[in-house]
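Heads up: the sequence shown begins at 650 in my numbering, then just goes up one per residue.
Everything below concerns the one structure shown next.
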Amino acid sequence: MEWDVNVGRQGATSAPRTAITFIAAILLAGCAATLPRNALPERLVDQAEPSGLDGVRIWGDAPAAQIRGMVNREMRQRGEAAIARSNTEPVSNMLAISGGAEDGAFGAGLLTGWTAAGTRPEFDFVTGVSAGALIAPFAFLGPRYDPQLKAMFTRYGRDDILTVDLLSGIFGGPALADSAPLARLIAQYVDKRLLREIARERRKGRVLLVATTNLDAQRPVLWDMGRIAMSGDWRALSLFRQILLASASVPGVFPPVRIQVRADGQDYDEMHVDGGVTQQVFLAPAALAFGDIDKAVGRRVSRRLYILRNGKITPEWQAVDDKVFATAGRSISTLIKSQSIGDLYRIHSTTTRDGIDFNLATIPAAFNIKSEEPFDLRYMRALYGVGFDLGKVGYHWAKAPPGLGVGAHN
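What follows is the structure, given as C-alpha cells:
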C-alpha cells in the first residue's frame, strides 16, 4: 500500500481518506494479533525448559545455592582431578563482550588486531550480550574465525540487518523494523559445522554464555551455548540462532523472539529480547563466587578477565533539540551509558573479591566519526580500523572502571 502524504489537504477527500487510514490501522493491529501467545504461566517459570534441551540455561540472578549446585555438577562432569594434580597453577583467560549495536565493530577490530599482534590468548570462558553475543561464538573459537568477525562489521550495512516497518510498529505491530535480514545473516554464519566446533570445545570444559532478557519475568537469562551445541538434538541449531537473534533484538526496534518451552507436560512460549535490557556486559551469574570453583577443583586458579566495552564511557557533549524524539533518544542513550558503567563497577567488585585480574577496553574518547544511519558501513569500517590498530600495537587495558583512579597497562 502507498500512503498519500497529502491526506487532508483537499476537503472533499479528507474524510474518506481519514476513514481508510482508520480502517487500515484496525486491520494492521488485527494482523499483529493473529498469532496469539501461549505465554508461560508464572507458576511454571522455574520449571520451563526449551523443548528437548534441558539444563542449557540459568537465571542471571539465580540464588547462591542453585549456583553452587551448578558448579559442583559441572566439576563432576569435567573431571577436574587432572587439573588438581597439575604441578603448576592453572590460568584461566576470560572474555566479556558488551552490547553496542554497530559499535560492536570496535570489539571485532580489537580482537583481530590482537591476533595480528601475536599475543591474543585462548579464552576458556566467553560471555556476550547483544552485539557482543554475535561476536562471542567467533571469539570463543579463536583466530581462525577472524575473517568472519571482520566481515560481520565491515561488509553488511543497514539493509542487510533490518527492514524498516514503521507503519506496522505504529499500528500495533511488534516493532518498528523487521529483523528477518539479521536472522538470515545469523543463519549464514551459524551453521552445523560451527555448532560442532563449539560442542567440541565445550567438552574440553570451555564455556560460552550468551544473555537474553525474559520480558515476562523481567529477568536475565544466561544460555550455555556449548551445552546446546553438544546436545545432539535436532532443535539445537534453531535454538542457538534464536538466542543470538533475541540477544541482539533491541525492544521496539526489532520484534521480540518467542522461544518455545515445555513445562508440566505442556508447550508454551517465552518472550525474549536484548540481553542489554538487564545487563550491558556480564561475567557470570551474580551469585557465582569463583572461590567455589576453586574448592571444587581442589586448588586455586589464576584468572584474567578482559572486557570489551563496545562504547564510550566518557561523557559526550551534544546540544539536544527541545523535541520529544530528540530528548527521548538522548535520554535513552545516556541511560544505557550509565547502566554500562554500573555493570563495570559490579564486575570490578566481583573480580576484586575473587582475586581476578581486571582489564577493560573501551572506544577511545578521541574517536569522533558520526554514524549517519543505523549500521552505517562507513562508520563501522572506521571503528573496526581503530579497534584493529589498537589491538595490533598492544592495547593499554584499564585496570578499573572510570573514577577509581587506577592506571592502565598491558
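Ideal placement from N, C-alpha and C gives every residue a C-beta, glycine not left out.
| Check | Outcome |
| --- | --- |
| When the Cα of Pro739 is compared with those of Ala860, Lys799, Ile1012, Ser951, which residue comes out closest? | Ser951 |
| By alpha-carbon positions, which one of Pro1013, Leu1053, Val969 ends up nearest to Arg995? | Leu1053 |
| Alpha carbon to alpha carbon, what distance is there between Leu684 and Gly1043? | 51 Å |
| Could you name the residues of the same chain whose beta carbon sits closer than 7 Å to that of Leu954, not counting the 5 residues immediately before and after it, in chain order? | Met743, Ala745, Leu932, Thr1000, Ile1005, Asp1006, Phe1007, Asn1008 |
| From Glu771 to Phe789, what distance separates their C-alpha atoms? | 8 Å |
| What residue does the alpha helix (DSSP H) around Met920 start on, and which one ends it? | Counting along the chain, Met920 falls outside any alpha helix (DSSP H), though it belongs to the beta strand (DSSP E) covering 915-923. |
| Let me confirm a value: Phe787 is counted as buried when at least 16 other C-beta atoms fall within 10 Å, else exposed. Which label applies? | buried |
| For Pro1050, which residues in the same chain have their Cβ closer than 6 Å to its Cβ, ignoring the five residues on either side in sequence? | Leu993, Tyr994, His997 |
| Using DSSP bridges, identify the partner residues of Leu871. | Ile707, Ala860 |
| What whole-angstrom Cβ distance do Ala848 and Gly806 have, given they're in contact under 8 Å? | No, Ala848 and Gly806 are not in contact; Cβ-Cβ is about 32 Å, not under 8 Å. |
| If you measure between the beta carbons of Leu871 and Ile716, is that distance less than 7 Å? | no |
| Using 10 angstroms around the beta-carbon of Ile981, count the other beta-carbons present and answer buried if the total reaches 16, otherwise exposed. | exposed |
| Pull up the distance between the alpha-carbon of Ala730 and that of Leu693, whole angstroms please. | For Ala730, the predicted model reports a pLDDT of 41, less than 50, meaning its position is unreliable; a value from the coordinates is still stated below. Going by the C-alpha atoms only, they are around 37 Å apart. |
| Use the C-beta contact count for Ser898: other C-beta atoms within 10 angstroms, 16 or more gives buried, fewer gives exposed. | buried |
| Do we get a CB-CB distance below 7 Å when we pair Ala829 with the residues of chain D? | The structure shown contains no chain D; it is built from a single protein chain. |
| Which value, in whole angstroms, describes the spacing of the CA atoms of Gly631 and Pro905? | Nothing about residue 631 can be reported from this structure: the residues present for the chain run from 650 to 1059 only. |
| DSSP has Val910 in a bridge; who is on the other side? | Pro699, Tyr917 |
| Once the 5 residues before and after Leu831 are set aside, which same chain residues still bring their CB inside 6 Å of it? | Ile810 |
| Whole angstroms is fine: what's the gap from Leu888's alpha carbon to Ile908's? | 8 Å |
| Determine whether the beta carbon atoms of Val859 and Ala782 lie at a separation below 7 Å. | yes |
| Of the choices Ala780, Arg1002, Asn687, Gly791, whose alpha-carbon is the least far from that of Arg855? | Gly791 |
| Please go through the same chain and pick out, in chain order, the residues whose beta-carbon is closer than 7 Å to the beta-carbon of Ile877, but skip the five residues on each side of it. | Leu702, Val705, Ala885, Leu888, Phe889 |
| Out of Asp710, Met920, Val930, state which residue places its alpha-carbon closest to the alpha-carbon of Arg686. | Met920 |
| Please confirm if the segment 793-800 is in contact with the segment 1014-1023, defined as three or more CB-CB distances below 8 Å between the two stretches. | no |
| Might you give, ordered along the chain, the residues of its own chain that have their beta carbon closer than 7 Å to the beta carbon of Leu894, omitting 5 neighbours on each side? | Ser828, Leu831, Ala832, Ile835, Val906 |
| What number of angstroms, rounded off, separates the C-alpha of Ile942 from the C-alpha of Asp918? | 33 Å |
| Could you tell me if Asn1017 is buried or exposed, where buried requires 16 or more neighbouring beta carbons within 10 angstroms of its beta carbon? | exposed |
| Below 8 Å on the Cβ atoms is my guess for Pro934 versus Ala711; work out the distance and round it to an integer in Å. | 5 Å |
| Might you give, ordered along the chain, the residues of its own chain that have their beta carbon closer than 7 Å to the beta carbon of Leu1039, omitting 5 neighbours on each side? | Leu759, Gly762 |
| Kindly indicate the opening and closing residues of the beta strand (DSSP E) around Ile746. | 740-746 |
| Going by beta carbon distance, what residues of the same chain come within less than 6 Å of Arg949, once the five residues before and after it are set aside? | Asp943 |
| If I measure Cβ to Cβ from Leu957 and keep anything under 6 Å in the same chain, skipping five residues before and after, which residues do I get? | Ile746, Gly756, Ala1010 |
| Ala1047 by DSSP, collapsed to three states: which one? | strand |
| Rounded to the nearest angstrom, what separates Ile1012 and Arg769 at their Cα positions? | 19 Å |
| Please state if the CB of Ala750 and the CB of Tyr1033 are separated by a distance shorter than 7 Å. | no |
| Relative to the alpha-carbon of Ser880, which residue among Gln967, Ile962, Leu844 has its alpha-carbon at the smallest distance? | Leu844 |
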